[in-house]
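There are 2 protein chains.
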Amino acid sequence: MPTQTFFNLPEEKRRMIVEIAIAEFANHDYANASISRIVAQAKIAKGSFYQYFQDKKDLCLYLVKLASEEKIAFLRSNNPPELQQGFFPYLRWLMGAGARFDLTHPALSQVVYRAIYGELPFREEAHQQTKEISLEYVQQLVEQGIAQGDIDTDVDPDLAAFVINTLGNELGKFILSRRGISPKQLAQEGPIDLDMQRMENIFDEVIQILERGMNSSKN
Amino acid sequence: MPTQTFFNLPEEKRRMIVEIAIAEFANHDYANASISRIVAQAKIAKGSFYQYFQDKKDLCLYLVKLASEEKIAFLRSNNPPELQQGFFPYLRWLMGAGARFDLTHPALSQVVYRAIYGELPFREEAHQQTKEISLEYVQQLVEQGIAQGDIDTDVDPDLAAFVINTLGNELGKFILSRRGISPKQLAQEGPIDLDMQRMENIFDEVIQILERGMNSSKN
DNA sequence: CTATATTATGACTACATAGTCACATAACTA
DNA sequence: TAGTTATGTGACTATGTAGTCATAATATAG
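Read top to bottom, the protein sequences are chains A and B. First residue of the first sequence? That's 1 in our numbering, and the numbers climb one at a time after it. First residue of the second sequence? That's 1001 in our numbering, and the numbers climb one at a time after it.
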C-alpha cells in the first residue's frame, strides 16, 4: 500500500498522480509501464514518487485495487436484477453493465484486464484484488443458475463459467472492432459515445445463444 | 526475412537457434523477449546474430511465420472432415485439433497466440502471417455454415465468428486449468500427456452449446 | 600458396529502466 | 523565533536492452 505521505497529499495532487499512473498502466503492461514516464508527466521528482510508493509493484497493486473497486461500484449502481429472478436475465444485465463500464472507463477497464490476463511477477496478489469481478464470481453464479434450474444439470459448471466469463471479458473488444476502434485507441482517447441500441442487440444475441445452448427447455 | 547467411548455416545450428528463439518468444512478449538471452543460450556472439537477422522484428516475424505454418500443417494432417458435411462437425474437429496442437506444441502455440493477441509494434505485418488460422478464417467458415443452413439466418455472422473464435482460442487454457497447469508452465516444461477422453468430452459439450445456441432446429 | 569472399566475434555505443540518498525546502510546534 | 518533523529533489548507481563495427578467423577459390 502507498505510504501515509501519499494519503496526506492534497487530494488534487493525489488524483492527478493516480490518473496519470492509471493511463500508464492501461497503455503498457507491467514490465513496460515506466515510473520515469509517470514522474515526468506528473512533474514530480523521482524521489518524491518513492516517498509515496514502496516500489513499482506497490503502485500497480494499488491501481488494480482502485480500478476493481470502481468497476464493482459501477456495477452495483447499475440496477442489478435479482439472480433469483432468473440466471440469464441476470447474466444479460451483467454483460451489458460490464461492457458499458469497459467503454465508458476504458483505462480502468484495461488496468483490471491486464491484472487478470496480463503477465505479472505477482499474479496471486493481483488476483486477490480482482476476485469479485473475475471467473470465481461467475462460477458462483453458474452454480446458483444450475440450482435454480436455469441451466441444464448435464452442463459442466466450470465449463459453463469459462464460456460465460471468456465471452463477457472479450465482448467489449468485439463491440469496439465493430466500430473500427482498437482497445488501445479507446484507452488513449477516452470514452466514446455509444450506439446503445446496437450494443443491446449484440448482448441479446449472445445471451440467446448461451441460453439456448445451456437450457434445452428454452427454444 | 533472415539473411542468406542464416540459411547457409548448418541445419543443426539453424534448428538450435530457432528452437531457443521460439522458447524466448513463447515465454516473453515482444517487448520483453531478449536477444541478449537468446545469443547467450545459443552460445553465439551478438554480432553473429545480427548477421542472421536484420533486427529483433525480423526474427519475430520469421518465428511467427514458422509457428503458423507448423500449426496449419498440423491441422491439415489431422484428418479434417469436409465442411460441406456439416458446419458443427467441422468446427468440432477444428477445436479438437487446435487444442491438441496447443497442448503438444505449447511453445509454437504461444508464439502464434502472442502474435495475434499480444502487443506488437508491427501488428499488421504479424497478422499477415496468421491470417489462415485467425478470426478471418472462422468468419469464412461461419458464412459457409449459414449458407448451408447449419446456422440460423438470424444469427449475426460476425458475432458468431467472434464467439467461436474466442472460445476456440481460450479453450486450451481451460483444459490446462482443469489439470492445474498454467500456460506458462506448459510452455516451459514442454508437452504433457493428455487425458484424451476428458478432452473430447469438453469439446463435445462446447459444440453442443454452440450448436443448440445457433441452430434452433437442433435441440 | 595466395587472394578473395564469407562468417564469427565481443567490446562498445546509446539509451532506458527501477530504485537510492544526501541534501534542500517547507510546515508545523513549542 | 528556534527547533523539529514531514516533504520535495534530482543527480547518481546498478542493471538491462538493441544494435554496431573494427577485427579476427575461416573457408573457398584461382
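All C-beta atoms, glycine included, are put in the ideal place defined by N, C-alpha and C. What you are looking at is a predicted structure, and each value in this text was computed from that prediction instead of being measured.
Endpoints, alpha helix (DSSP H) assigned at residue i
i	result
PHE1101 of chain B	1087-1104
VAL39 of chain A	35-42
PRO10 of chain A	Taken as a continuous stretch (DSSP letters only), PRO10 of chain A belongs to no alpha helix (DSSP H), as it is neither H nor E.
ASP1158 of chain B	1157-1178
ASP1058 of chain B	1056-1076
ILE1146 of chain B	1135-1147
Given residue i as reference, the closest of the options once Cα atoms are compared
i	options	result
LYS1173 of chain B	B:LEU1186, B:ASN1201, B:SER1034	B:LEU1186
PHE6 of chain A	A:TYR137, A:ALA21, A:PHE53	A:PHE53
PHE49 of chain A	A:ARG123, A:LEU61, A:ALA21	A:ALA21
ASP960 of chain B	B:LEU1171, B:TYR1137, B:THR1003, B:ARG1178	With chain B represented from 1001 up to 1219, any question about residue 960 of chain B goes unanswered, as that position is not in the structure.
VAL1064 of chain B	B:ILE1175, B:SER1036, B:TYR1117	B:TYR1117
ASP1156 of chain B	A:PHE203, A:LEU9, A:GLN41, A:LEU91	A:PHE203
LYS57 of chain A	A:ILE35, A:GLN41, A:ALA67	A:ILE35
GLN51 of chain A	A:GLU24, A:THR3, A:GLN85	A:THR3
GLY98 of chain A	A:ASN79, A:GLU11, A:GLN41	A:ASN79
GLY1096 of chain B	B:ALA1107, B:ARG1076, B:LEU1108	B:ARG1076
ALA1147 of chain B	B:LYS1013, B:LEU1091, B:GLN1084, B:ALA1126	B:GLN1084
HIS1105 of chain B	B:CYS1060, B:ARG1179, B:GLU1019, B:GLN1128	B:GLU1019
Helix, strand or coil at residue i [DSSP, three-state]
i	result
GLN1185 of chain B	helix
ALA31 of chain A	coil
ASP1193 of chain B	coil
ILE20 of chain A	helix
THR1130 of chain B	helix
ILE1209 of chain B	helix
ALA1045 of chain B	coil
ASP1204 of chain B	helix
SER1109 of chain B	helix
LEU1083 of chain B	helix
ILE116 of chain A	helix
MET1199 of chain B	helix
ALA1001 of chain B	What sits at residue 1001 of chain B in the sequence shown is Met, not Ala. MET1001 of chain B falls in the coil class under three-state DSSP.
PHE1122 of chain B	coil
PHE1025 of chain B	helix
*Taking three-plus beta-carbon pairs below 8 Å as touching, is the region 126-134 of chain A in contact with the region 199-218 of chain A?*
With a cut-off of 8 Å on Cβ pairs, the region 126-134 of chain A is not in contact with the region 199-218 of chain A, counting fewer than three such pairs.
*Counting Cβ pairs closer than 8 Å, one from the region 111-130 of chain A and one from the region 36-46 of chain A, do we hit at least three?*
no
*Segment contact, 8 Å Cβ cut-off, at least three pairs: the region 141-150 of chain A with the region 72-81 of chain A*: no
*Sufficient close CB pairs (3 or more, under 8 Å) joining the region 1161-1168 of chain B to the region 1186-1202 of chain B*: no
*Is it true that the region 1029-1037 of chain B meets the region 27-43 of chain A, where meeting means three or more beta-carbon pairs spaced less than 8 Å apart?*
yes
_With three or more C-beta pairs closer than 8 Å as the rule, is the region 148-162 of chain A touching the region 211-218 of chain A?_
A contact between stretches requires three or more CB pairs, one per stretch, nearer than 8 Å, and the region 211-218 of chain A meets this requirement with the region 148-162 of chain A.
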